[in-house]
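Student:
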Amino acid sequence: MRKLLISLILLIILAVGVFAYWAVGNQAPNPNARSTKIFVIQKGASVREIGNSLKREGLIKDPVVFFVYIKLYGQDRKIQAGDYRLSPSMTLEKVIDELNHGTLDRWITIPEGYRAEEIADVLEKEIPSYEEFWRGVLNENEGYLFPDTYLIPRDAEINMVVKTMRNNFNRKIQEIGLSPDDKNLSRTIILASLIEREAVTSEEKPLISGVINNRLRRGMAFDIDATIQYVKGRKGAWWPQITTDDYKSVDSLYNTYLNPGLPPGPIANPGIEAIKAALNPQTHSYYFYIHAAGKIYPAKTIQEHQSNIKKYLKN
Numbered sequence: 001m002r003k004l005l006i007s008l009i010l011l012i013i014l015a016v017g018v019f020a021y022w023a024v025g026n027q028a029p030n031p032n033a034r035s036t037k038i039f040v041i042q043k044g045a046s047v048r049e050i051g052n053s054l055k056r057e058g059l060i061k062d063p064v065v066f067f068v069y070i071k072l073y074g075q076d077r078k079i080q081a082g083d084y085r086l087s088p089s090m091t092l093e094k095v096i097d098e099l100n101h102g103t104l105d106r107w108i109t110i111p112e113g114y115r116a117e118e119i120a121d122v123l124e125k126e127i128p129s130y131e132e133f134w135r136g137v138l139n140e141n142e143g144y145l146f147p148d149t150y151l152i153p154r155d156a157e158i159n160m161v162v163k164t165m166r167n168n169f170n171r172k173i174q175e176i177g178l179s180p181d182d183k184n185l186s187r188t189i190i191l192a193s194l195i196e197r198e199a200v201t202s203e204e205k206p207l208i209s210g211v212i213n214n215r216l217r218r219g220m221a222f223d224i225d226a227t228i229q230y231v232k233g234r235k236g237a238w239w240p241q242i243t244t245d246d247y248k249s250v251d252s253l254y255n256t257y258l259n260p261g262l263p264p265g266p267i268a269n270p271g272i273e274a275i276k277a278a279l280n281p282q283t284h285s286y287y288f289y290i291h292a293a294g295k296i297y298p299a300k301t302i303q304e305h306q307s308n309i310k311k312y313l314k315n
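So for the sequence shown, this note's numbering puts the first residue at 1; every next one is plus one.
#1: DSSP three-state label for Y230, please.
#2: Using only CA atoms, which one of I176, I190, G177, K163 lies nearest to Y150?
#3: Just to confirm the assignment, what range does the alpha helix (DSSP H) spanning T149 have?
#4: Whose C-alpha, out of I176, P147, R187, is nearest the C-alpha of E112?
#5: Cα separation between L86 and W134?
#6: With distances taken Cα to Cα, identify the nearest neighbour of G44 among L253, K205, P63, G82.
#7: Are the Cβ atoms of R115 and P153 separated by less than 9 Å?
#8: So what's W134 in DSSP terms, helix, strand or just coil?
#9: Ignoring anything shorter than 4 residues, give me the alpha helix (DSSP H) runs that lie fully in the stretch 38-123, in order along the chain.
#10: Does N141 pass the burial test, meaning 16 or more other C-beta atoms within 10 Å, or should it be called exposed?
#11: Using CA coordinates, which residue listed in I79, V68, K55, M90 is at the minimum distance from A33?
#12: Assuming the contact rule is C-beta atoms closer than 8 Å, A268 and E196 should be a hit. Round their C-beta distance to whole Å, please.
#13: For Y254, count the other beta carbons within 10 Å of its own beta carbon; 16 or more makes it buried, fewer makes it exposed. Which is it?
#14: Report the rounded CA-to-CA distance for I158 versus N167, giving the unit in angstroms.
#15: Give me, in chain order, the residues of the same chain whose beta-carbon lies closer than 7 Å to that of I272; leave out the 5 immediate sequence neighbours on both sides.
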C-alpha cells in the first residue's frame, strides 16, 4: 500500500512538472514587448529547425514545447515557407496560429524555359494583388525574367516583381562575365531562349547552340518548332503540338521555318546554362538534329538527318 502511495505521489509530481513545463513553454517570452519582427521560414525547413529559429529570435520560450504542440495537434502541414510578422509578446499558441494563417510573402518558383504568360499564370495563382494587365508588362520583359525561386510580397506590384527578376538576371549574367550593357546581349538572350526550349538536357545545350550557330553563319533557316509554338500558344496550352502544315502557314516573323536568322525577340526566359551555351557554342559540323527517346541525334547532312528520322522516329 505504501509503495502504491509513493508511486501515486511521484506520478502527481511528474504530472504537475509536465504541466508547469508546458505552461511556461506556452508563455510569451516578453509580454510587455510592443515591437514586431519579420520571421522567415526557408523552403524545406523542418519543424525542429523552425522551433530552434523561433527560440534564437526570442519569439518562443521553448522549442521542445513548440515541437510537441505542432506534432500533437497536426499543425506541421499547415505551416508554409515564407515570412511572418511575429512579436515576443505573443504566446506560443498565438505564434502557431500566425504561422497557420499564411505568410506575408509567397515563395514563387519560375522554371527555366517558361514564357512570360506562364509566369503570369504562376503569379495569378499565388499573388493576391495580381491584375490582368501584369501579362502585358511581363511580355515586354520576355527573356529577362530570370528563372529562380523568389520571395514575393502578397501585395506586390508588377513593377516590383519585374525589377526583382531583372536584378537577379543582371547578377547571374555578371557572374559568368556578361555585362547587362553588352551590345550583343539581346542576340545572346534570343539564342539562349531557343536553346532552352529545344534542349532536353543541359549537357546537349552547347551542341544545339553549335547547330544554330552553324546555320546562322550559312544563312539557313533554323527550323525550330518552339518558335511556331510560341506564336500559336494560348492559355492552357502555351506550347501546343504543331504539324508540318504550320511550317508554312504560320505567318509570323517568329516562324524560323519561313524566316532565316534570329526571331525578333526571345521566346522564353532562359536559365544560366542556356545563356552559357549561347555564348560558347560547341564547335562541330552538325546542321541538323532530332530527339528520340530522350536522346539527341545530330547530323551533318540532310541525307544523314533523314536517315536518323527514318531510323529513330518512324519505327
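Beta carbons: idealized from backbone N, C-alpha and C, even for Gly.
Tutor: Considering the structure as presented:
#1: Helix, per DSSP.
#2: Of the listed residues, the one whose Cα sits closest to Y150 is K163.
#3: Here T149 belongs to no alpha helix (DSSP H); instead the beta strand (DSSP E) covers 149-153.
#4: Of the candidates I176, P147, R187, the residue whose Cα lies closest to the Cα of E112 is P147.
#5: The alpha-carbon atoms of L86 and W134 are separated by roughly 31 Å.
#6: Check the Cα spacing between G44 and each of L253, K205, P63, G82: the tightest is with G82.
#7: Between R115 and P153, the C-beta spacing is not below 9 Å.
#8: Here DSSP, grouped into helix, strand and coil, assigns W134 to helix.
#9: You should have 47-56, 63-72, 92-100.
#10: The residue is buried, with at least 16 neighbouring Cβ atoms inside 10 Å.
#11: With distances taken between Cα atoms, A33 lies closest to M90.
#12: Contact flag correct, Cβ pair sits at about 6 Å.
#13: Buried, because 16 or more other Cβ atoms sit within 10 Å of the Cβ of Y254.
#14: If you take the alpha carbons of I158 and N167, they lie about 14 Å apart.
#15: K172, I176.
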